[in-house]
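Peer 1:
In the numbering used here, the protein residues as written are 319 to 423.
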């Protein structure tokens, strides 16, 4: 992996669900900054692997081997739950379970 220059600032990722109203326009509505990478994913058909693959591709395109400074996820949900994918709802209780350890790290 290449060493980052001292003034390198890692990018930020914004994941936008296709279930969000005007999802394609949201990336244009947010501040334009070359360090903010937007990914609009298909809520109904994408998997975790698809999301991770696209995140890695965007980060490698920004700079090979780079990692995100932060990740923001925009999707539908409500008090105490968040729908990342059609078949997956996240709650604080679920994230504490052992099988969700990979989601916390």
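Glycine included, every Cβ here is placed at the ideal spot set by N, Cα and C.
Please state whether the Cβ-Cβ distance between residue 377 and residue 385 is less than 8 Å.
Peer 2: Yes, Cβ-Cβ distance for residue 377 and residue 385 is below 8 Å.
Peer 1: With burial defined as no fewer than 16 other Cβ atoms inside 10 Å of the residue's Cβ, what is the status of residue 399: buried or exposed?
Peer 2: When all chains shown are included, residue 399 counts as exposed.
Peer 1: Do residue 392 and residue 334 have their CB atoms nearer than 8 Å?
Peer 2: Yes, they are a contact pair.
Peer 1: In chain order, which alpha helix (DSSP H) runs of at least 4 residues are fully inside the stretch 338-407?
Peer 2: Correct list: 341-347 and 366-380.
Peer 1: Skipping 5 residues on each side, what residues in its chain have a beta carbon closer than 6 Å to that of residue 389?
Peer 2: So the list reads 331, once near-sequence residues are dropped.
Peer 1: What are the partner residues of residue 335, as DSSP defines its beta bridges?
Peer 2: Residue 335 is bridged to 359.
Peer 1: Rounded to whole angstroms, what's the CA-CA distance from residue 356 to residue 404? Just pull it up for me.
Peer 2: If you take the alpha carbons of residue 356 and residue 404, they lie about 20 Å apart.
Peer 1: Among 352, 415, 351 and 369, which residue has its Cα nearest to the Cα of residue 358?
Peer 2: Measuring from the Cα of residue 358, the nearest candidate turns out to be 369.
Peer 1: If the criterion is Cβ atoms closer than 8 Å, does the pair residue 328 and residue 387 meet it?
Peer 2: The answer is yes: Cβ separation under 8 Å.
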